[in-house]
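The structure under discussion appears below in the form of structure tokens.
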Amino acid sequence: MRYRVVFGMILAGLLGSAYAEDKTEALAITCNNCHGVDGVSVGPNMPSIGGLPESYLKNILLEWKAGTRYSATMGRLVKGYSDEQIAALAAYFSKKPWTPAAQTTDPKLVALGKKVTARCAGCHGETGNAGDGDTPNLNGQWAEYLELEALKYRDDAVAMPNKQMRKAAQKLSEEDVKAVAEFYASQKK
Numbered sequence: 290m291r292y293r294v295v296f297g298m299i300l301a302g303l304l305g306s307a308y309a310e311d312k313t314e315a316l317a318i319t320c321n322n323c324h325g326v327d328g329v330s331v332g333p334n335m336p337s338i339g340g341l342p343e344s345y346l347k348n349i350l351l352e353w354k355a356g357t358r359y360s361a362t363m364g365r366l367v368k369g370y371s372d373e374q375i376a377a378l379a380a381y382f383s384k385k386p387w388t389p390a391a392q393t394t395d396p397k398l399v400a401l402g403k404k405v406t407a408r409c410a411g412c413h414g415e416t417g418n419a420g421d422g423d424t425p426n427l428n429g430q431w432a433e434y435l436e437l438e439a440l441k442y443r444d445d446a447v448a449m450p451n452k453q454m455r456k457a458a459q460k461l462s463e464e465d466v467k468a469v470a471e472f473y474a475s476q477k478k
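Everything in the sequence shown is counted per the working numbering, starting at 290 for the first residue and increasing by one.
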């Protein structure tokens, strides 16, 4: 009898865990329309999110929810999620493999970008993969997306909470922004 109770408790725990995973996967499927299956984007102005650091994903989603970071789409979407759902989505996508975008880059801009990004390496690493858990992978991300994000910081156009990033981006010319985006987009590791 005792073994049945223990077995029942173990089974209930496993089923509860599977149910939670199914719910998270169902939530994650809603992200596929923009970010691609498993968070691998197929569109140049939409970031890949599969394999990004869990802490980064959770923080950025919470910033959109709180309105401290601007995104017309994400700001509205995440308001419908609980903090627990946000944490579950961050964990889910962080466990997916990072897949660089299939894109071609301009070798001249990549060379210039390598020079310009020397000052970015302290936070983003030499190739755009800091590996610290709080900084997003830039390596292999869509160049167009990276350029748009850098311009948001540089031009102070919308609410972006990272003041250090804003200060660094404000030093970039138009050509520098394109070069930085091309360099990081060209980095596969």
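Cβ coordinates follow ideal geometry from the N, Cα and C atoms, glycine included.
Mapping the DSSP letters down to three states, classify residue i as helix, strand or coil.
| i | result |
| --- | --- |
| Gln-459 | coil |
| Pro-389 | coil |
| Asp-465 | helix |
| Asp-395 | coil |
| Ala-315 | helix |
| Cys-320 | coil |
| Glu-415 | coil |
| Tyr-434 | helix |
| Arg-358 | coil |
| Met-363 | helix |
| Lys-477 | coil |
| Ala-485 | This structure gives no information on residue 485, because the portion of the chain shown stretches from 290 to 478. |
| Leu-350 | helix |
Excluding the 5 residues flanking residue i on each side, which residues of the same chain have their C-beta closer than 8 angstroms to its C-beta?
| i | result |
| --- | --- |
| Asn-451 | Tyr-442 |
| Ile-375 | Lys-347, Leu-350, Leu-351, Lys-354 and Val-367 |
| Leu-435 | Leu-427, Val-469, Ala-470, Tyr-473 and Ala-474 |
| Gly-422 | Pro-342, Glu-343, Ser-344 and Tyr-345 |
If the criterion is Cβ atoms closer than 9 angstroms, does the pair residue i and residue j meet it?
| i | j | result |
| --- | --- | --- |
| Glu-433 | Ala-470 | yes |
| Pro-425 | Leu-341 | yes |
| Tyr-370 | Thr-313 | no |
| Gln-476 | Gly-417 | yes |
| Gly-429 | Ser-337 | yes |
| Ala-457 | Cys-409 | yes |
| Thr-362 | Cys-323 | yes |
| Asp-327 | Lys-368 | no |
| Ala-317 | Leu-398 | no |
Once the 5 residues before and after residue i are set aside, which same chain residues still bring their CB inside 7 angstroms of it?
| i | result |
| --- | --- |
| Asp-445 | Arg-455 |
| Gly-420 | Gly-414 |
| Gly-364 | Trp-353 and Gly-356 |
| Cys-412 | Ala-419 and Thr-424 |
In chain order, what residues of the same chain lie with their CB nearer than 6 angstroms to the CB of residue i, ignoring the 5 residues before and after it?
| i | result |
| --- | --- |
| Pro-333 | Trp-431 and Glu-433 |
| Asp-372 | none |
| Trp-387 | Gly-340 and Asn-426 |
| Met-298 | Per-residue confidence for Met-298 stands at a pLDDT of 42, beneath the threshold of 50, marking its modelled position as unreliable; the derived number appears in the next sentence. Closer than 6 angstroms at the Cβ level, and outside the excluded window around Met-298, lies no residue. |
My assumption, with CB atoms under 8 angstroms, is that residue i sits in contact with residue j. Please give the rounded CB distance.
| i | j | result |
| --- | --- | --- |
| Ala-439 | Val-466 | 5 angstroms |
| Ala-391 | Ala-474 | With 8 angstroms as the limit, Ala-391 and Ala-474 do not qualify as a contact, their Cβ atoms being about 11 angstroms apart. |
(message) Measuring CB atoms only, is the region 392-406 touching the region 340-348, in the sense that at least three cross pairs come out at less than 8 angstroms?
(response) The region 392-406 makes no contact with the region 340-348; the number of CB pairs closer than 8 angstroms stays below 3.
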